[in-house]
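Last residue of the sequence shown? That's 686 in the numbering used here, and every number before it is there in order.
C-beta: ideal position from N, C-alpha, C; glycine also.
Structure first, then comments.
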Amino acid sequence: VGSDWYYSFNMYQDFDPGTFKIKSTPYQDRTQIYKALITKKYNGNRGEFTAMYKYANSHNVYNYATQSAPFIYVGDGSVKEYGKFKLGTTSYLPIDNEMTYRDMRTGELKQTTLYDACLNKASEVTLMNNYRFDNGLNWKATLKYDHSRGAMVYQTPMAIIDLKSAANQGVYKYMYRDIDGQTKAYDGQYVQTRMSCLNAGTIDEALFTSELSKRFKTSTFRLGVNEWFYHIDYCSNTTMYDQSVPSDGSYALRVWDANQRDSYFYDFNKNASEYYKGSENKLALYFTHDWDVTKKLNLYYGARLEWQRLKGENAAVKNAQGEYVGRFADYYLGAIAADGTKITPADLSYNWINYDFSVAATYKLTDNFGFTGDFTYIVQHPKFEAFAPATLPNVDKISVPLGRAGIYYNNSWLSLTSLFSYISKTNNNSTLNLQHGSEIKAAPLAYDIQTWGWTTDAVAHPFKGFDFHFLFTYQKPTYKKFETSVTFNDGYTGTINATGNVVAEIPEVLIELDPSYMITKDIKLWTSFRYFSKTYANINEAYYFNGHWETFGGLNWQATKRLALGCTVVNFLNQTGAKGSIAGAELITKDEAKGIKNQIMTGSYLRPFTVEFTASLKF
């Protein structure tokens, strides 16, 4: 622009069609980000001031489009495809994109589309200033304000009903509407019940950080202050609906049980609706000291002291007996529960002191070999989002100790670190949506978790242009104090005691192999092989998935100074299978699972074979 003035403009566009077609949109991720900044250097380049504006707009359709699919659970940790339904390349969403819901705030019945409901947009202004004083003191300051709409849409699978089973003969009368709008009887074997969650909130956020630092002969000291203000008006509107489970690979249809209702949607806000509104403020003071005590010993330590204030309202309403009313069909602010209790916002107000400290040490036994270790202890309290359900969370302090110790070795062609670690966390707040038959009940709980493990990480450069990264991790994440129960309307009590169980969906062994080669100074060929060992698909360790490899590869080309091109291949070995959890399975025990073989279930799956192209153009 002029002397000591600089400017930059950035634009990011994502047109991701996904791996299968859906009716609501041609893209499973449509994201656009625009950024502009201007910088002024002043006082002989001692100071630098930058002002930046960023706008982002995104429809993250993939969150609900790729959430689940049907498959046959064989019983030995493997799965096979259900009919002609191809995992990852067949859509499990119904044709209809519209969703009816009851507004949690007003009680009105409204309609939207899934595409519109998942809109995220944000406008952000950031001011940054860096200044270097004559005495060697450096000052950094950042001020940021963000106004946004945050949204996340889920289409969570719940139960699969076998209409042809002996127990269900004559119980259901499922209907659907054909392309002409005519009502017809549904004659398929299976029906999938689903919970639609439309989560959205308006957010205003401000952040200020100011930090002073100075480098001495053998150390660097930092002292800073953080101020963070966060205001949100959030709710989650939930709706139940049923759909077909086509085995021929066609699009699913919404269906309804004419014995119970005359429309697709039911149980508005009964299962997982949420509401909270208010502000959270955190003011913190921190320091760090990086100190070379001797030529062989380095110490790094620091601490942070934080005041957290939370004030607002939620829908954790109690009745005359002092018990939480909980959610029910057609639940909203102003609704009347069966016992006569009116759902009115409940006030919240908390003040907490949080703190953490950390210390790390590295000792060089030789120029190449040494010992390293660190310990961090964090004390915090629940974030505002923990107050979203219809009950209050456990507001006791959350303690997180983390310790690591091991060795390192470096030379001209190899960098290696091997560490043992331990981490635990108390008072994790969670709500399980437990299922029995066609009924779903929410079960809030607070539990602890702990993990110990061993990780070896190595980067080798055996010859010019070739790099090889190797990572091996063995870990044992387990639940502690994980107990809850809920009684259903038919009198059945569902109980979970997962204390000592391995955390669901987390593998005990992780391996990563990442070779890469610079064909020329501008062209890089790379691959990545990642192994995940056996994982449990429910909390009771009843269902599990066998270990699997995930593969990636690509070619990156810096075509010109301003143009970069890339091609990435996902799952080039074309593996298929399931991963994560199995819908509606939390109450299934190990003994019950022993007799379950070759049964249709729903869950998430491995990413299918995909080819992606990228281009980056800088001006």
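Please go through the same chain and pick out, in chain order, the residues whose beta-carbon is closer than 6 Å to the beta-carbon of residue i, but skip the five residues on each side of it.
i	result
N197	E115 and K207
L290	L279 and F354
V526	S482 and H536
Q333	The identity of residue 333 in the sequence shown is Tyr, whereas the question assumes Gln. Excluding positions up to five away in sequence, the list reads M307.
L176	R169
F442	V426 and G470
A396	D334 and K337
T518	I490, Q542 and P544
Y212	V192 and A273
F533	Y584
T223	M262
K102	N77 and K121
I228	V258
N293	T276 and A351
W521	F487 and Y541
Give a yes or no on whether the C-beta atoms belonging to residue i and residue j are separated by under 8 Å.
i	j	result
Y399	M166	no
A118	L194	yes
V462	Y417	yes
N266	A218	yes
T523	K548	no
N607	I663	no
A645	V146	yes
G647	G670	yes
H503	Y541	no
T260	D300	no
R597	E579	yes
R216	K188	yes
K88	L204	no
Y546	I573	no
I649	A604	yes
E347	N421	no
Y672	L160	no
D271	H356	no
Looking only at its own chain, which residues have a Cβ that is under 8 Å from the Cβ of residue i, when we skip the five neighbours before and after it?
i	result
R97	D81, F82, D83, S125, H126 and V128
S497	P511, L512, A513 and Y514
Q327	Y333
Y182	S91, T92, H126, V128 and N164
Using alpha carbons as the reference points, say which of the options lies closest to residue i.
i	options	result
L469	A427, V360, T92 and N568	A427
G437	I465, I474, P313 and N461	I474
F555	Y131, A509 and Y417	A509
F200	I162, T179, N112 and K121	N112
K464	A457, R471 and Y444	Y444
Y489	S497, Y476, P544 and G504	P544
F639	G670, V678 and D658	V678
Y584	W358, W624 and Y73	W624
D329	I590, I89 and Y241	Y241
L274	E191, G155 and V570	E191
G174	D229, N304 and F283	N304
P93	I578, L577, F680 and N164	N164
S600	G144, K121 and G85	G144
N381	S158, P412 and A351	P412
K385	W323, S158, Y422 and T458	T458
T635	E653, Q249, A682 and P456	A682
S466	F487, T493, L230 and S485	T493
G621	S346, I586, Q642 and A652	I586
D557	F539, K685 and E506	E506
K378	G393, D406 and K349	K349
Can you find a C-beta in chain C that's less than 8 Å from the C-beta of residue i?
i	result
N386	The chain labelled as chain C is not found in the depicted structure, where only one protein chain is given.
Which residues in the same chain as residue i place their Cβ atom closer than 7 Å to its Cβ, once the five residues preceding and following it in sequence are excluded?
i	result
D315	G150 and K151
A660	A609 and Y610
Y430	K363, L364, G437 and F438
T562	S552
* **alpha helix (DSSP H) runs wholly inside the stretch 79 to 162, at least 4 long, in chain order** => 129 to 132
* Inter-stretch contact at 8 Å, needing at least 3 Cβ pairs: the stretch 447 to 454 / the stretch 335 to 348 -> Segments in contact, yes.
* Asked: Considering only residues of the stretch 282 to 316, which uninterrupted beta strand (DSSP E) runs meet the minimum length of 3 residues and lie entirely inside it, listed in chain order?
  -> 286 to 311
* Whole beta strand (DSSP E) runs in the stretch 177 to 239 with 3 or more residues, listed along the chain? -> 186 to 199 and 204 to 229
* Counting Cβ pairs closer than 8 Å, one from the stretch 378 to 392 and one from the stretch 306 to 324, do we hit at least three? -> Counting Cβ pairs under 8 Å, fewer than three are found: no touch.
* Asked: Should the stretch 353 to 369 be regarded as contacting the stretch 400 to 416, the criterion being three or more beta carbon pairs within less than 8 Å?
  -> no
* At 3 residues or longer, and completely inside the stretch 543 to 608: list those beta strand (DSSP E) runs for me, N to C. => 545 to 547, 550 to 554, 560 to 564, 576 to 585 and 590 to 599
* Asked: Is it a yes or a no for the stretch 630 to 643 touching the stretch 89 to 108, going by three-plus beta-carbon pairs under 8 Å?
  -> Result no; under three Cβ-Cβ pairs closer than 8 Å.
* Asked: Using 8 Å as the threshold, is the stretch 241 to 254 in touch with the stretch 347 to 364, meaning 3 or more CB pairs across them?
  -> no
* **Whole runs of the alpha helix (DSSP H) within the stretch 314 to 351, excluding any shorter than 4 residues** => none
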